[in-house]
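With the first letter of the sequence shown counted as 1, position 250 gets the number 250 in the UniProt record's numbering; the numbers rise by one all the way through.
A short write-up of the structure that comes next.
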Amino acid sequence: MKMPEKIQQQATQLRESLNKHNYYYYVLDDPRIPDSEYDHLMRELQALEAQYPQLITPDSPTQRVGAAPLSAFAEVVHSIPMLSLGNAFENKEVHDFDKRVQKGLGVHKIEYVAETKLDGLAVSIRYENGILVKGATRGDGNRGEDVTLNVKTIKVIPLRLQGDDYPPILEVRGEVFMPKADFKKYNQRQIAKGEKTLANPRNAAAGSLRQLKSRVTARRPLTFFTYGIGVVEGAELPNRHSDILQRLQKWGFPISDETQIVNGVQGCLDYYQNIQAQRDALPFDIDGVVYKVNRIEQQQSLGFVSRAPRWAIAHKFPAEEALTQVLDIDIQVGRTGALTPVARLAPVNVGGVTVTNATLHNQDEIKRKDIRIGDTVIVRRAGDVIPEVVRLVPEKRPQNTQAYLLPDKCPDCGSEVTRIKDEAVLRCTGGLFCPAQRKQALQHFASRRAMDIDGLGEKLIEQLIDNELVKNIADIYSISHEQWAGLERMGKKSAENMIKALEKSKSTTLAKFLYALGIREVGETTASILAQHFGNIDKLIQATKADLQKIPDIGPVAAQQIVAFFQQTHNREIIQHLQTVGVHWAAQSEPQTTDSLTGQTFVLTGTLSTMTRTQAKSRLQNLGAKVSGSVSKKTHCVVAGEKAGSKLKKAQDLGVKIIDEAGLRALLGD
Ligand code: IVH
Numbered sequence: 001m002k003m004p005e006k007i008q009q010q011a012t013q014l015r016e017s018l019n020k021h022n023y024y025y026y027v028l029d030d031p032r033i034p035d036s037e038y039d040h041l042m043r044e045l046q047a048l049e050a051q052y053p054q055l056i057t058p059d060s061p062t063q064r065v066g067a068a069p070l071s072a073f074a075e076v077v078h079s080i081p082m083l084s085l086g087n088a089f090e091n092k093e094v095h096d097f098d099k100r101v102q103k104g105l106g107v108h109k110i111e112y113v114a115e116t117k118l119d120g121l122a123v124s125i126r127y128e129n130g131i132l133v134k135g136a137t138r139g140d141g142n143r144g145e146d147v148t149l150n151v152k153t154i155k156v157i158p159l160r161l162q163g164d165d166y167p168p169i170l171e172v173r174g175e176v177f178m179p180k181a182d183f184k185k186y187n188q189r190q191i192a193k194g195e196k197t198l199a200n201p202r203n204a205a206a207g208s209l210r211q212l213k214s215r216v217t218a219r220r221p222l223t224f225f226t227y228g229i230g231v232v233e234g235a236e237l238p239n240r241h242s243d244i245l246q247r248l249q250k251w252g253f254p255i256s257d258e259t260q261i262v263n264g265v266q267g268c269l270d271y272y273q274n275i276q277a278q279r280d281a282l283p284f285d286i287d288g289v290v291y292k293v294n295r296i297e298q299q300q301s302l303g304f305v306s307r308a309p310r311w312a313i314a315h316k317f318p319a320e321e322a323l324t325q326v327l328d329i330d331i332q333v334g335r336t337g338a339l340t341p342v343a344r345l346a347p348v349n350v351g352g353v354t355v356t357n358a359t360l361h362n363q364d365e366i367k368r369k370d371i372r373i374g375d376t377v378i379v380r381r382a383g384d385v386i387p388e389v390v391r392l393v394p395e396k397r398p399q400n401t402q403a404y405l406l407p408d409k410c411p412d413c414g415s416e417v418t419r420i421k422d423e424a425v426l427r428c429t430g431g432l433f434c435p436a437q438r439k440q441a442l443q444h445f446a447s448r449r450a451m452d453i454d455g456l457g458e459k460l461i462e463q464l465i466d467n468e469l470v471k472n473i474a475d476i477y478s479i480s481h482e483q484w485a486g487l488e489r490m491g492k493k494s495a496e497n498m499i500k501a502l503e504k505s506k507s508t509t510l511a512k513f514l515y516a517l518g519i520r521e522v523g524e525t526t527a528s529i530l531a532q533h534f535g536n537i538d539k540l541i542q543a544t545k546a547d548l549q550k551i552p553d554i555g556p557v558a559a560q561q562i563v564a565f566f567q568q569t570h571n572r573e574i575i576q577h578l579q580t581v582g583v584h585w586a587a588q589s590e591p592q593t594t595d596s597l598t599g600q601t602f603v604l605t606g607t608l609s610t611m612t613r614t615q616a617k618s619r620l621q622n623l624g625a626k627v628s629g630s631v632s633k634k635t636h637c638v639v640a641g642e643k644a645g646s647k648l649k650k651a652q653d654l655g656v657k658i659i660d661e662a663g664l665r666a667l668l669g670d
């Protein structure tokens, strides 16, 4: 139907008015019109849009109610990774953090921003020219899930930014959560309807946001606080975190009222005390507070370790505790052969979660705490961590109990158990012969982010180990078609698919291969740093502890584990064996051992397609370069990725050398 111009104007006005009142109501908590008036405006807009569907815009408030269900979430790559935070539990750890910051910056008094640590789900929301275009979960930090439709149902999140001074590209990061009162009300209603309740506000937020049906999300009382930004292009933001938050608030985002600028470590600790005293009265669940260095250039100069910034730390509250009984003690053998005693408990609710197992850590801990089967104990859980037995309640001990001793043989393979010097844990000596270790080693090896062997799941792996088809991880490539087809729930066709998947997995990258080996302390990030640094596996095998410790981000513990791993003959044999059966990766560039960029300052801007900015930064630093966040006359070179914005312009104005991604790769020797 042809649309008169007047109608168009009317729709625009209605949209603007509704968005504005939405903000007054949900963000400022200060409604300016009665609800009935708001509903009236909404119905008017809905009626117009029904008549003229071409009027519907992505930022129309009618679009919040949810769209058709999805069959799965698409993947979103975070071009600036969503990091996690290091934790402090004791004041001393906060003092240590502050000392590290002071030392790193060479400054004594540090200005921090103190915030509450909300217990919900982290999301990144992208705006292009002021319009919400994407909402994504954190996922593993590099890749999350596209939850745009669900994010749009959250009323406090603007569909269109306010004002006109926002950057053309802006990613806003923050926490989606369910306020305590709404959580309670929701569960009461569910109980009244005889339906399932949600375990705790955190699970409620996560479960609600990860719904394929956005109509379901729309009915959940979710809300949001912003605490940071991701990609920003086309405009400079203020140079203090606190000012960035103010700016975000001006553009329409809620920030927590509890956020404060504090001075030095004492300011942080006072804030902690203050918030802890108010914790129960706060309308939302928090599991601690977060301290962030306020000045952005100080943040940039401190940088990151692995997955967490050096300029921020979470100071957690003491965990929640409950009383229960130890019914039995079991031993779990881990992927690395560590024997962990686990208390089987009479089920108990700890902070909204039913706990039936808790770790007892190791023999020394059992002895120190004097825990026996039949004892009454206090268990504790903190956030996502595994529940643990804190202490015995001695007056409740039954008669005739005996001290508990860990077995001297592995419960899974019968091999001797040993205790490595200076380690508290006992380890099974069966190595990759121990089924417990083999199963888990193989599971890790086959996992998506390691060798990515499609279809090789837990059930199949169990059969392979139980039928002794795999003694070490390399054997997986030598299983015949008949052997595959002979396994339970496998036919000819699935055997064929398995063999295809195995063939496909042989072509990998050095980083994935290193990660797949399951070396202790070598997660994905470290594996990728090692691959980049050494370029080939032989050089890594020969590296000494000192060589490894010279690499930024590799500490003494990881260095020791890496050396210990490659010292084992059987591990080197397995690597050899894997290469013999055809596992290969593209040759990396020759490792860069020179300091060819010493004394030069680089600035990265825009999006890179073949590496993350963190990777680019770390590789430039490996060559001796300094990587800074802002362009000045002293900058030697600006690397401009896709959609580079104001920094590129500034470099052009100042006549600073500019290279693109290909230039960067050439410089890095790719
Ligand atoms: S800042 C680079 N601030 O905690 C730092 N995180 O352990 C990135 N969280 O994934 C996070 N409240 O989900 C930050 N005020 C706050 C936070 C906060 C809660 C969560 C967030 C993040 C996790 C990190």
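Quick reminder that beta carbons are idealized off the backbone N, C-alpha and C, glycines included.
Every value quoted in this text rests on a predicted model; they were computed, and no experiment measured them.
Compute every distance between the C-beta of residue i and the non-hydrogen atoms of the ligand IVH, then say whether any falls below 6 Å.
{"i": "residue 175", "result": "yes"}
{"i": "residue 701", "result": "Because the chain in this structure spans residues 1 to 670, residue 701 falls outside the shown range and cannot be described."}
{"i": "residue 179", "result": "no"}
{"i": "residue 323", "result": "no"}
{"i": "residue 668", "result": "no"}
{"i": "residue 478", "result": "no"}
{"i": "residue 309", "result": "yes"}
{"i": "residue 450", "result": "no"}
{"i": "residue 302", "result": "no"}
{"i": "residue 312", "result": "yes"}
Does the CB of residue i have a neighbour CB from chain B at under 7 Å?
{"i": "residue 390", "result": "The chain inventory of the structure shown lacks chain B, comprising one protein chain alone."}
DSSP three-state call for residue i: helix, strand or coil?
{"i": "residue 585", "result": "strand"}
{"i": "residue 126", "result": "strand"}
{"i": "residue 509", "result": "coil"}
{"i": "residue 577", "result": "helix"}
{"i": "residue 416", "result": "strand"}
{"i": "residue 201", "result": "helix"}
{"i": "residue 285", "result": "coil"}
{"i": "residue 426", "result": "strand"}
{"i": "residue 25", "result": "helix"}
{"i": "residue 244", "result": "helix"}
{"i": "residue 526", "result": "helix"}
{"i": "residue 222", "result": "coil"}
{"i": "residue 409", "result": "strand"}
{"i": "residue 659", "result": "strand"}
{"i": "residue 118", "result": "strand"}
{"i": "residue 449", "result": "coil"}
{"i": "residue 330", "result": "strand"}
{"i": "residue 359", "result": "strand"}
{"i": "residue 487", "result": "coil"}
Out of the options, state which residue places its alpha-carbon closest to the alpha-carbon of residue i.
{"i": "residue 229", "options": "80, 570, 12", "result": "80"}
{"i": "residue 200", "options": "288, 185, 574", "result": "185"}
{"i": "residue 398", "options": "82, 605, 83, 326", "result": "326"}
{"i": "residue 356", "options": "389, 233, 141", "result": "389"}
{"i": "residue 12", "options": "43, 340, 55, 26", "result": "55"}
{"i": "residue 372", "options": "341, 386, 381", "result": "341"}
{"i": "residue 540", "options": "510, 555, 521, 556", "result": "510"}
{"i": "residue 600", "options": "370, 618, 634, 613", "result": "634"}
{"i": "residue 442", "options": "146, 475, 178, 573", "result": "475"}
Any idea which residues DSSP pairs residue i with across the strands?
{"i": "residue 309", "result": "304"}
{"i": "residue 144", "result": "76"}
{"i": "residue 320", "result": "381"}
{"i": "residue 160", "result": "131"}
{"i": "residue 315", "result": "88, 289"}
{"i": "residue 637", "result": "602, 657"}
{"i": "residue 626", "result": "601"}
{"i": "residue 58", "result": "Its beta-bridge partners do not exist; DSSP assigns none."}
{"i": "residue 177", "result": "223"}
Where does residue i land, buried or exposed, given buried means 16+ other C-beta within 10 angstroms?
{"i": "residue 498", "result": "buried"}
{"i": "residue 644", "result": "buried"}
{"i": "residue 3", "result": "exposed"}
{"i": "residue 448", "result": "exposed"}
{"i": "residue 242", "result": "buried"}
{"i": "residue 586", "result": "exposed"}
{"i": "residue 240", "result": "buried"}
Given 6 Å as the limit, tell me if residue i has its C-beta closer than that to any heavy atom belonging to the ligand ATP.
{"i": "residue 117", "result": "Because the ligand ATP does not appear in the structure shown, any question about it cannot be addressed here, the ligands present being the ligand IVH."}
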